[in-house]
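Chains A and B supply the protein sequences, listed in that same order.
Residue numbers in the first sequence follow UniProt numbering, run continuously in steps of one, and reach 393 at the last position.
Residue numbers in the second sequence follow UniProt numbering, run continuously in steps of one, and reach 393 at the last position.
Number of protein chains: 2
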Amino acid sequence: MINETMYGLGDEPSVIRELFAYGLARKAEIGAENVYDYSIGNPSVPAPALVKETLLEMLETDPVALHAYSPSAGLPDVREAIAASIRERYGVPATAGHVYMTAGAAAAIAISIAAVSHRDDEVVVVSPYFPEYRTWIEAAGCTVVEVPACQPSFQPDVEALAAVIGPKTSAVIINSPNNPVGAVYTRESLEALAAMLREKEVELDRPLYLISDEPYREITYGAEVPYVPSIYGRTIVCYSYSKALSLPGERIGYVYVSDLADDGDAVSVAIAGAGRALGYVCAPVMLQRVAARCVNEPSDVAAYAENRRILTEGLSALGYEYVEPDGAFYLWVKALEDDANAFSERAKQFELLIVPSDSFGVGGWVRLSYCIARDTIERSMPAFAALKASYEG
Amino acid sequence: MINETMYGLGDEPSVIRELFAYGLARKAEIGAENVYDYSIGNPSVPAPALVKETLLEMLETDPVALHAYSPSAGLPDVREAIAASIRERYGVPATAGHVYMTAGAAAAIAISIAAVSHRDDEVVVVSPYFPEYRTWIEAAGCTVVEVPACQPSFQPDVEALAAVIGPKTSAVIINSPNNPVGAVYTRESLEALAAMLREKEVELDRPLYLISDEPYREITYGAEVPYVPSIYGRTIVCYSYSKALSLPGERIGYVYVSDLADDGDAVSVAIAGAGRALGYVCAPVMLQRVAARCVNEPSDVAAYAENRRILTEGLSALGYEYVEPDGAFYLWVKALEDDANAFSERAKQFELLIVPSDSFGVGGWVRLSYCIARDTIERSMPAFAALKASYEG
Chain A
1 MINETMYGLG DEPSVIRELF AYGLARKAEI GAENVYDYSI GNPSVPAPAL VKETLLEMLE
61 TDPVALHAYS PSAGLPDVRE AIAASIRERY GVPATAGHVY MTAGAAAAIA ISIAAVSHRD
121 DEVVVVSPYF PEYRTWIEAA GCTVVEVPAC QPSFQPDVEA LAAVIGPKTS AVIINSPNNP
181 VGAVYTRESL EALAAMLREK EVELDRPLYL ISDEPYREIT YGAEVPYVPS IYGRTIVCYS
241 YSKALSLPGE RIGYVYVSDL ADDGDAVSVA IAGAGRALGY VCAPVMLQRV AARCVNEPSD
301 VAAYAENRRI LTEGLSALGY EYVEPDGAFY LWVKALEDDA NAFSERAKQF ELLIVPSDSF
361 GVGGWVRLSY CIARDTIERS MPAFAALKAS YEG
Chain B
1 MINETMYGLG DEPSVIRELF AYGLARKAEI GAENVYDYSI GNPSVPAPAL VKETLLEMLE
61 TDPVALHAYS PSAGLPDVRE AIAASIRERY GVPATAGHVY MTAGAAAAIA ISIAAVSHRD
121 DEVVVVSPYF PEYRTWIEAA GCTVVEVPAC QPSFQPDVEA LAAVIGPKTS AVIINSPNNP
181 VGAVYTRESL EALAAMLREK EVELDRPLYL ISDEPYREIT YGAEVPYVPS IYGRTIVCYS
241 YSKALSLPGE RIGYVYVSDL ADDGDAVSVA IAGAGRALGY VCAPVMLQRV AARCVNEPSD
301 VAAYAENRRI LTEGLSALGY EYVEPDGAFY LWVKALEDDA NAFSERAKQF ELLIVPSDSF
361 GVGGWVRLSY CIARDTIERS MPAFAALKAS YEG
């Protein structure tokens, strides 16, 4: 009588996690240098020196105070440091009371969905999309409604979104810079999306929340990343330091409920309640302090930009098709056969670990995480050549 | 259209958390030394030196590997270290595959309930009980069934439990050493409970899970703490290092699904699925390594034993009635009026922060956390005297 939904989620881990686990085993078997693991978004850039410095300083303070529970929403000075950074960077009137510290963006998104949805509501996503959105939406008892992005820009298709938003819609999730395609939503796109949502709110006489998943906000290659709360009031930002500070395993991030939402205070209360319901007592406290101290540390985007150049030039020379990424550290590559799963399986024969697109909501593509060692990218090119040749034999 | 249940949980934080927050504000107002804060279980004993030593060593290693994602269930060597410790200490055949690392016991319990329950199931608790059990049980769509403990032993009332277990029961939660009363369940009690559950499983033709919440396992004053998985097969241990290693804010613990359960492998899979559904990507990785390294570190029980002696002797001399605690670091004291909330409110006038019993499922008592500075306990005695005198005026 175990819960079969939970059993199913445990028995079929996300395709990304499954490939990541396969990679760990395969590396143990044939040597890490012989596996080209493009599976997971584990940053290859080390955390900024200030992270270590902050942790070392902290460890010299009173351990009782250091490791004590924080209030559920986070340490007050940490929340204020983050609010201040949002005010300074984006010119919006952010207050500490609207910042809720979380164990990463995953927790932030799961909590946000639970806070603004009811069972049997619909949550809209733009495909291709991060596969775990489905897990968290369904865990809240809601239904996923997929709306394909525009082609070939991968901007949100506002008209198509408008067509699916109805009385059961509670929220739309967007993710820019985007995982998996690397698109950065333009101001124009976001303004059109915001205008449509405002119209729909009037038409449906209900609030519509925009959950903005932003772990890659700092990782862009020149494109402007407009701040969503300054464009649409009822925005809930889900942020993570996993990528910006290269701390994915530490689980630290936050929810920021826009102060420009007329119900922002109430939403903040519901966020706190949802965190409590999901078993989050407080975000890890040492990491809360690291986040506050490093709140304005720049990300080492140059390293990813160079990886991007090497990978795209290499694949381009081999004749692969892909979407030119404006942000994040993923390359969305056209599979060499219609069945992306079969393509990903075949790639394994060449020790290439690339994620098939099906769980992102579309067929025929693969995702390559290029936040990996540069050397791995360079050495993988013969494998990509051999993979391609295998389709031409 | 925010979720009113989540709003309610956020708007009325747990009574413990509310009192804790009041205490923080009051200390800022009149000075920390003037507030006698018995509200929360924030250990006053510093973390063992090995915690800092392990963190310092870790910080000298490659930051990319150090802070990377771990597999969802935890680092393999960490899971193995914990399984080995369980085997050695308790003589049960624990395997790493049944250990799932979590962000503390709260996450462990929320995940366990979700893994073995369905909506509209009933989960049984022994009152008085930790109030958040209700939050997590209801978050899984289930109903709380409260069964009072025996009086005055505060052992589980097996007959009364048998009377409420029916076709909708998925699990029973026990907590020994117990928060809030400090009772330690005897082998005899646990064997009677196990025998009853096994009978009910046959009668009802369904598995019944025993969720054993054990954050205080190491904190006892001489009483034997039998290892529940060695007594009942279908046991799910929810453990936390918050108290044993004085790391409550860091959020590290685990679920251990007994290897003696015939469906233990399947339950472990469902645990992993439930963790995923609730947004837990992996437990904080630095802390996973700390847990493994400190897995056999002794807890500084002597400090709590001395606090217990001073507090119980002091209150006894003043004529307060309380339950003699065998474990954990809570004292369950009879309120001086029927309404525990009114009593707790009146105690505030004397700067005494003590938690009323109602949210633990019973009226007329208060809980005192004595994991606080010894000095605070000593200095609080005149306040307890004045509180008592105020009822005698």
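Where a beta carbon is used, it is the ideal one built from N, C-alpha and C, also for glycine.
> Residues bridged to Ile-173 (chain A) by DSSP?
Replying inline: In DSSP, Ile-173 (chain A) forms a bridge with A:Val-125, A:Ile-211.
> With a Cβ-Cβ cutoff of 8 Å, do Gly-104 (chain A) and Gly-253 (chain A) count as a contact?
Replying inline: Closer than 8 Å, so yes.
> For a contact meaning CB atoms closer than 8 Å, what does Lys-52 (chain B) contact in chain A?
Replying inline: Those within 8 Å of Lys-52 (chain B) in chain A are Leu-59, Pro-63.
> Is any heavy atom in the ligand MG found nearer than 7 Å to the beta carbon of Pro-46 (chain B)?
Replying inline: For the structure depicted, the ligand MG is absent and the ligand set is empty, with no information on it obtainable.
> Should Thr-102 (chain B) go down as buried or exposed, given a rule of 16 or more other Cβ atoms within 10 Å for buried?
Replying inline: The residue is buried, with at least 16 neighbouring Cβ atoms inside 10 Å.
> Which one of B:Thr-61, B:Glu-392, B:Glu-351, B:Leu-368 has the shortest CA to CA distance from Arg-337 (chain B)?
Replying inline: Arg is not the amino acid found at residue 337 (chain B); the sequence shown has Glu there. Among B:Thr-61, B:Glu-392, B:Glu-351, B:Leu-368, the Cα nearest to that of Glu-337 (chain B) is on B:Glu-392.
> What residues in the region 270-302 of chain A bring their beta carbon closer than 9 Å to a beta carbon of chain B?
Replying inline: The region 270-302 of chain A vs chain B, Cβ under 9 Å: Ala-270, Ile-271, Ala-272, Gly-273, Ala-274, Gly-275, Arg-276, Ala-277, Leu-278, Gly-279, Tyr-280, Val-281, Cys-282, Ala-283, Pro-284, Val-285, Met-286, Leu-287, Gln-288.
> Given that residue 395 (chain B) touches chain A, what residues does it touch there, using C-beta distances under 9 Å?
Replying inline: Only positions 1 to 393 of chain B appear in this structure, which leaves residue 395 (chain B) out of reach.
> Excluding five sequence neighbours on each side, which residues of the same chain lie with their C-beta closer than 6 Å to the C-beta of Ser-359 (chain A)?
Replying inline: Cβ within range, chain order: Val-15, Pro-131.
> Does the Cβ-Cβ distance between Pro-148 (chain B) and Leu-204 (chain B) come in under 8 Å?
Replying inline: No; because the gap between Cβ atoms is not below 8 Å, this pair is not in contact.
> Are Tyr-256 (chain A) and Ala-94 (chain A) closer than 8 Å when you measure CB to CB?
Replying inline: Taking 8 Å as the Cβ cut-off, Tyr-256 (chain A) and Ala-94 (chain A) qualify as a contacting pair.
> Of all the options B:Glu-57, B:Val-78, B:Lys-52, which has the alpha carbon lying nearest to the alpha carbon of His-67 (chain A)?
Replying inline: Nearest C-alpha to His-67 (chain A) among B:Glu-57, B:Val-78, B:Lys-52: B:Lys-52.
> Quick one: does Ser-70 (chain B) have its CB under 8 Å from some CB of chain A?
Replying inline: Ser-70 (chain B) counts as touching chain A.
>> Please state the DSSP three-state secondary structure of Gly-233 (chain B).
In response: In the structure shown, Gly-233 (chain B) sits in coil (DSSP, three-state: anything other than H, G, I, E or B).
> Out of A:Cys-142, A:Gly-279, A:Pro-180, which has the shortest C-alpha to C-alpha gap to Leu-368 (chain A)?
Replying inline: When the alpha-carbon of Leu-368 (chain A) is set against those of A:Cys-142, A:Gly-279, A:Pro-180, the nearest one is in A:Pro-180.
>> On the CB-based measure, 16 or more other CB atoms within 10 Å of its CB, does residue 419 (chain A) come out buried or exposed?
In response: This structure leaves residue 419 (chain A) out entirely; chain A is present only between 1 and 393.
>> DSSP three-state label for Glu-218 (chain A), please.
In response: In the structure shown, Glu-218 (chain A) sits in coil (DSSP, three-state: anything other than H, G, I, E or B).
> DSSP beta-bridge partners for Glu-146 (chain B)?
Replying inline: B:Val-125, per the DSSP bridge assignment.
> Is the beta carbon of Ile-271 (chain A) sitting closer than 8 Å to the one on Ser-212 (chain A)?
Replying inline: In this structure, Ser-212 (chain A) does not lie closer than 8 Å to Ile-271 (chain A) by Cβ.
>> For a minimum of 4 consecutive residues, which ranges assigned as the alpha helix (DSSP H) are wholly contained in the region 289-350 of chain B?
In response: The qualifying runs are 301-318, 340-348.
>> I'd like the span of the beta strand (DSSP E) that includes Arg-89 (chain A), first residue to last.
In response: Careful: Arg-89 (chain A) lies outside any beta strand (DSSP E), inside the alpha helix (DSSP H) at 76-90.
> With Pro-384 (chain B) and Ile-219 (chain B) assumed to form a contact (beta carbons below 8 Å), what rounded beta-carbon distance in angstroms separates them?
Replying inline: The residue asked about is misnamed: residue 384 (chain B) is Phe in this sequence, not Pro. Wrong, their Cβ atoms sit about 23 Å apart, outside the cutoff.
> Pick from B:Gly-41, B:Asp-62, B:Ser-117: whose alpha carbon is nearest that of Gly-182 (chain B)?
Replying inline: It is B:Gly-41.
> Taking Cβ-Cβ distances shorter than 7 Å, what residues in chain A pair up with residue 395 (chain B)?
Replying inline: Residue 395 (chain B) is absent from the structure shown; chain B starts at 1 and stops at 393.
> DSSP three-state call for Tyr-391 (chain B): helix, strand or coil?
Replying inline: Three-state DSSP puts Tyr-391 (chain B) in a helix.
> Do you know offhand how far Ser-72 (chain B)'s Cα is from Ser-44 (chain A)'s?
Replying inline: Cα-Cα distance, rounded: 19 Å.
> Taking one C-beta from the region 272-291 of chain A and one from the region 111-120 of chain A each time, how about it: are there three or more such pairs within less than 8 Å?
Replying inline: Taking 8 Å as the limit for Cβ pairs, the verdict is that the region 111-120 of chain A does touch the region 272-291 of chain A.
>> How far does the beta strand (DSSP E) with Leu-368 (chain A) in it extend, from its first residue to its last?
In response: For Leu-368 (chain A), the uninterrupted beta strand (DSSP E) run begins and ends at 365-369, by DSSP.
> In chain A, what lies closer than 7 Å to Gly-104 (chain B) by C-beta?
Replying inline: Near Gly-104 (chain B) (Cβ distances below 7 Å), the residues of chain A are Val-281.
> Using a Cβ cut-off of 8 Å, which residues of the region 9-27 of chain B contact any Cβ in chain A, in chain order?
Replying inline: Along the region 9-27 of chain B, the positions whose C-beta sits under 8 Å from a C-beta of chain A are Leu-9, Gly-10, Asp-11, Pro-13, Ser-14, Arg-17, Phe-20, Ala-21, Leu-24, read in chain order.
> Would you say Met-196 (chain A) faces chain B, with C-beta separation under 8 Å as the test?
Replying inline: No, Met-196 (chain A) does not count as interfacial toward chain B.
>> How far does the beta strand (DSSP E) with Met-101 (chain B) in it extend, from its first residue to its last?
In response: 99-102 is the extent of the beta strand (DSSP E) around Met-101 (chain B).
> Using a beta-carbon distance cut-off of less than 9 Å, what residues from the region 239-260 of chain B approach chain A?
Replying inline: Cβ contacts with chain A come from Ser-242, Leu-245, Ser-246, Leu-247, Pro-248, Gly-249, Glu-250, Arg-251, Ile-252.
> Quick one: is His-118 (chain B) near chain A, going by C-beta distance under 8 Å?
Replying inline: Yes, its Cβ sits closer than 8 Å to a Cβ of chain A.
> Contact check, Thr-312 (chain A) vs Tyr-322 (chain A) under 8 Å by CB: the rounded distance?
Replying inline: About 7 Å separates the Cβ atoms of Thr-312 (chain A) and Tyr-322 (chain A), confirming a contact at the 8 Å cut-off.
> Helix, strand or coil: which one does DSSP assign to Arg-240 (chain A)?
Replying inline: Sequence inspection shows Ser at residue 240 (chain A); the Arg mentioned does not correspond to that position. Strand, per DSSP.
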